[in-house]
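Visitor: All residue numbers for the sequence shown refer to UniProt numbering, where the first residue is 1 and numbers rise by one. Beta carbons: idealized from backbone N, C-alpha and C, even for Gly. Values in this document were obtained by computation on a predicted structure and should not be read as measured data.
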Amino acid sequence: MQTNLLIAATLLYLVCAFLPADRARTIAAGTALAWLVHGAGLWMDVVVPGSLRLGFAAMLSSALWISVGAYWIENRNFALDGLRRIVMPVAAIACALQALFPGALIALAGRTPMFGWHIAIATLAYSTLTIAAFHAVLMALQESRLHTRTEKVTFLSSALDQLPALLTMEKLLFRMIGFGFVLLSLTVLSGIVFSEQLFGQALKWDHKSVFTLLSWLLFAALLAGRHFRGWRGKTALSFTLAGFATLLLAYVGSRFVLEVVLHRSYA
């Protein structure tokens, strides 16, 4: 059942991605429907009585599900149609990957109650910073178009022309990064508590912990630079994308290597 829902969400996301911008109401309704179908398939796949099904595809799918919801809400307040052209196809890919790579079941019996909270907070942090990364990519494309503007109208250029001014985009970017950083900080703190209860040590120094802490440091440096030095433009975009890439390696990359390359369970 959940596989059919994920396939349906994939098709709906693709339809929403390629609808013309003047079909705003159809796009909004289609996005809401795709998001609900995606959420139902995600819940049925991940939440199993007495267990959780975790994997790189489930984590990526969860992040994109929240990202689509954030886009849908923000698009009601700001004209962010250009973001749709990037988020929707990636969300479709994430749904398809979850249908193909369901992950492994992890029994909750004997696990600390902190485990579920840690996974939930980590997913929220990763999702918020994912949408910030999409936002940063759009800003980079938007700035490039201002300097190399041509008369040729393409699928992407028409979407970029419908975005708010760069200053408004930058304000939204740092709002998302600030919220994501708070969630990432909670993820690190809950991870320390969780690691101590499970492994008997305050922090397990594996590749996931190292990349997560590195990402936290990058986003902390960005927010500090913004506050004290007024960082913006290319500097802010570079730090945002570097921090997201590091977080991607921590949460999705490690699970992809374990499940697909090494054929090992996360548990």
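1. State the DSSP-derived secondary structure class of Lys234, mapped to helix, strand or coil.
2. Just how far apart, CA to CA, sit Ala104 and Pro20?
3. When you compare only the Cα positions, how much space is there between Leu217 and His147?
4. Quick check: Ala220 and Leu173, are their CB atoms within less than 8 Å of each other?
5. Kindly indicate the opening and closing residues of the beta strand (DSSP E) around Ala96.
6. Could you give the first and the last residue of the continuous alpha helix (DSSP H) run that contains Arg25?
7. Does the stretch 51-65 touch the stretch 95-102, meaning 3 or more C-beta pairs lie closer than 8 Å?
8. With 16 as the cutoff for other CB atoms within 10 Å, does Ile73 come out buried or exposed?
9. Would you check if the distance between the CB atom of Phe211 and the CB atom of Ala250 is smaller than 8 Å?
10. Just verifying my parser: in three-state terms, what is the DSSP assignment at Leu105?
11. Going by other Cβ atoms of all chains shown within 10 Å of its Cβ, with 16 needed for buried, is Pro49 buried or exposed?
12. If we count the other Cβ atoms within 10 Å of its Cβ and call it buried at 16 or more, is Val46 buried or exposed?
13. Run the CB neighbour count on Met1, radius 10 Å, all protein chains shown included, and call it buried at 16 or more, exposed below.
14. At which residues does the alpha helix (DSSP H) containing Leu223 begin and terminate?
15. Taking 7 Å as the cut-off, is the C-beta of Leu218 nearer than that to any heavy atom in the ligand SAH?
16. According to the Cβ coordinates, are Leu42 and Ile106 closer than 8 Å?
17. Enumerate, from N- to C-terminal direction, the unbroken beta strand (DSSP E) stretches of 3 or more residues contained entirely within the stretch 120-151.
18. Tell me which residue opens and which closes the alpha helix (DSSP H) that Leu54 is part of.
19. With a threshold of 16 other CB atoms inside 10 Å of the CB of His207, please say whether the residue is buried or exposed.
20. Looking at the structure shown, is Met59 part of a helix, part of a strand, or coil, going by DSSP?
21. Here's a check: name, in chain order, each residue in its chain whose Cβ is nearer than 8 Å to the Cβ of Gln142, leaving out the five neighbours to either side.
22. Please confirm whether Leu184 and Leu129 have their CB atoms less than 8 Å apart.
23. What residue range is occupied by the uninterrupted alpha helix (DSSP H) comprising Ala17?
24. Would you call the CB atoms of Tyr126 and Leu14 closer than 8 Å?
25. Between Ile86 and Leu138, which are expected to be in contact by the criterion C-beta below 8 Å, what is the C-beta distance as a whole number of angstroms?
26. Distance check for Leu222 and Gly243, CA to CA, integer angstroms please.
27. Look at the Cβ atom of Ala70, then the Cβ atom of Val37, and state whether they are nearer than 8 Å.
28. May I ask you to report which of helix, strand or coil DSSP gives Phe78?
Guide: To lay it out plainly:
1. On the sequence shown, position 234 is the one that residue 234 refers to. In the structure shown, Lys234 sits in a helix (DSSP, three-state: H, G or I).
2. Along the sequence shown, one-based indexing puts residue 104 at 104. Along the sequence shown, one-based indexing puts residue 20 at 20. Looking at the two C-alpha atoms, the distance is approximately 39 Å.
3. For the purposes of this step, residue 217 is taken as the residue at position 217 of the sequence shown. For the purposes of this step, residue 147 is taken as the residue at position 147 of the sequence shown. So the alpha carbons of these two residues sit roughly 32 Å apart.
4. Here the question's residue 220 lines up with position 220 in the sequence shown. Here the question's residue 173 lines up with position 173 in the sequence shown. Not closer than 8 Å, so no.
5. Counting from one through the sequence shown, the residue named residue 96 turns up at place 96. Per DSSP, Ala96 belongs to no beta strand (DSSP E); it is in the alpha helix (DSSP H), 81-100.
6. Counting from one through the sequence shown, the residue named residue 25 turns up at place 25. Note, Arg25: alpha helix (DSSP H), 24-46.
7. yes
8. The residue labelled residue 73 in the question sits at position 73 within the sequence shown. Ile73 comes out exposed.
9. Here the question's residue 211 lines up with position 211 in the sequence shown. Here the question's residue 250 lines up with position 250 in the sequence shown. Their beta carbons are under 8 Å apart, which means Phe211 touches Ala250 by this criterion.
10. By one-based count along the sequence shown, residue 105 stands at place 105. Reduced to three states, the DSSP call for Leu105 is strand.
11. Position 49 of the sequence shown, counting from 1, holds the residue named residue 49. Exposed is the call here.
12. Your numbering for residue 46 matches position 46 in the sequence shown. Under this definition Val46 is a buried residue.
13. The residue given as residue 1 occupies position 1 in the sequence shown. With fewer than 16 other Cβ atoms within 10 Å, it is exposed.
14. Taking the first residue of the sequence shown as 1, we reach residue 223 at position 223. Where Leu223 is concerned, the enclosing alpha helix (DSSP H) stretches over 207-229.
15. In the structure shown, the ligand SAH is absent, as is every other ligand, since no ligand is present at all.
16. Here residue 42 refers to the residue found at position 42 when the sequence shown is read from its first residue. Here residue 106 refers to the residue found at position 106 when the sequence shown is read from its first residue. No.
17. none
18. Here the question's residue 54 lines up with position 54 in the sequence shown. No alpha helix (DSSP H) holds Leu54; the beta strand (DSSP E) holding it covers 51-54.
19. Counting from one through the sequence shown, the residue named residue 207 turns up at place 207. By the 10 Å Cβ count, His207 comes out exposed.
20. One-based indexing of the sequence shown puts residue 59 at position 59. In this structure, Met59 counts as helix in the three-state DSSP scheme.
21. Along the sequence shown, one-based indexing puts residue 142 at 142. Here the set comprises Gly82, Leu160, Leu163, Leu166, Met169.
22. Reading the sequence shown from its first residue, position 184 is the one you call residue 184. Reading the sequence shown from its first residue, position 129 is the one you call residue 129. Contact: yes.
23. One-based indexing of the sequence shown puts residue 17 at position 17. Here the alpha helix (DSSP H) through Ala17 covers 2-18.
24. Translated into positions along the sequence shown, residue 126 becomes position 126. Translated into positions along the sequence shown, residue 14 becomes position 14. Going by C-beta atoms, Tyr126 is not nearer than 8 Å to Leu14.
25. Start at 1 with the first residue of the sequence shown, and residue 86 comes out as number 86. Start at 1 with the first residue of the sequence shown, and residue 138 comes out as number 138. Contact holds; Cβ gap of about 7 Å.
26. In the sequence shown, the residue the question calls residue 243 occupies position 243. In the sequence shown, the residue the question calls residue 222 occupies position 222. So the alpha carbons of these two residues sit roughly 9 Å apart.
27. As a working mapping, residue 70 is identified with position 70 in the sequence shown. As a working mapping, residue 37 is identified with position 37 in the sequence shown. Contact: no.
28. What you label residue 78 is simply residue 78 of the sequence shown in a count that begins at 1. Coil.
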